[in-house]
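Once you know that position 112 of the sequence shown is 112 in the working numbering, the rest is easy, because the numbers rise by one and skip nothing. The beta-carbon is built from N, C-alpha and C at its ideal position, and this holds for glycine as well. All values reported here derive from a predicted model rather than from experimental measurement. Written below as structure tokens is the structure these notes are about.
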Amino acid sequence: MAEHLRALVVVLVLSGGFFWVVRPAAMQWVAEETFLRWRNVWLLSTLVLFLSHSIWICILLLAVLYLTYRRKEVHVLGLYFLVLFVAPSIPAVIPGFGILDHFWEINHYRLLGVTVLLPAAIALFLRSSTPRMGNSPVDWMV
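Structure follows, in structure tokens:
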């Protein structure tokens, strides 16, 4: 058995044990459906990270996974903080052309920001109950 597959088994067993232990405590703060969704996105993210052999396939699959789960999620910030530490910050450089050496550097944190936080920020900005920018004295102080 390959070394990364043995590590995957260990990580999944430890993660499963962790989620089994903290489930009663987590039920006091979030609904059971939310906890199960968070557990599933953690386990699926771990599987994608271990089983994808290309950083680009990994980024694509994680982006689809996070966008899918973000649509169902009520506690977007909770989802963000849960999957923030599922992977280390390993950068992938998006190459540029011409005088640009590289266009953009993407890592797990930026991927989460683009797929989880940015859609939440846009949804808040488009909501009519959100105060508009410039209406608060704090906006003018910044």
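Beta-carbon within less than 8 Å of residue i's beta-carbon, same chain only, minus the 5 sequence neighbours each way: which residues are those?
| i | result |
| --- | --- |
| residue 94 | 102, 103, 104, 105 and 106 |
| residue 90 | 55, 107 and 108 |
| residue 75 | 30 and 34 |
| residue 65 | 41, 44, 45 and 48 |
May I ask which residues mark the beginning and end of the beta strand (DSSP E) holding residue i?
| i | result |
| --- | --- |
| residue 104 | 102–106 |
Using only the alpha-carbon positions, how far apart do residue i and residue j sit?
| i | j | result |
| --- | --- | --- |
| residue 73 | residue 10 | 28 Å |
| residue 27 | residue 35 | 8 Å |
| residue 136 | residue 129 | 14 Å |
| residue 78 | residue 30 | 10 Å |
| residue 82 | residue 32 | 15 Å |
| residue 50 | residue 8 | 7 Å |
| residue 183 | residue 80 | This structure gives no information on residue 183, because the portion of the chain shown stretches from 1 to 142. |
| residue 121 | residue 16 | 32 Å |
| residue 13 | residue 71 | 28 Å |
| residue 37 | residue 92 | 28 Å |
| residue 3 | residue 132 | 53 Å |
| residue 125 | residue 113 | 16 Å |
| residue 25 | residue 87 | 24 Å |
| residue 85 | residue 23 | 19 Å |
| residue 118 | residue 69 | 14 Å |
| residue 97 | residue 57 | 22 Å |
| residue 142 | residue 123 | 23 Å |
What first and last residue would you give for the alpha helix (DSSP H) that runs through residue i?
| i | result |
| --- | --- |
| residue 91 | Neither: residue 91 is in no alpha helix (DSSP H) and is coded neither H nor E. |
| residue 117 | Looking at the DSSP string, residue 117 is not in any alpha helix (DSSP H), and its letter there is neither H nor E. |
| residue 137 | 137–141 |
If you count every other CB in all the chains shown that lies within 10 Å of the CB of residue i, and 16 or more means buried, which is it?
| i | result |
| --- | --- |
| residue 41 | buried |
| residue 59 | buried |
Just to confirm my understanding: we take residue i, look at its own chain, exclude 5 residues before and 5 after, and list those with CB closer than 7 Å. What are they?
| i | result |
| --- | --- |
| residue 67 | 115 |
| residue 62 | 45, 48 and 111 |
So with Cβ pairs under 9 Å, would you call residue i a contact of chain C?
| i | result |
| --- | --- |
| residue 78 | This model lacks chain C altogether; it includes just one protein chain. |
Worksheet item: Can you list the alpha helix (DSSP H) stretches of 4 or more residues lying completely in the stretch 15–87, in chain order?
Response: 32–51, 55–72 and 76–83
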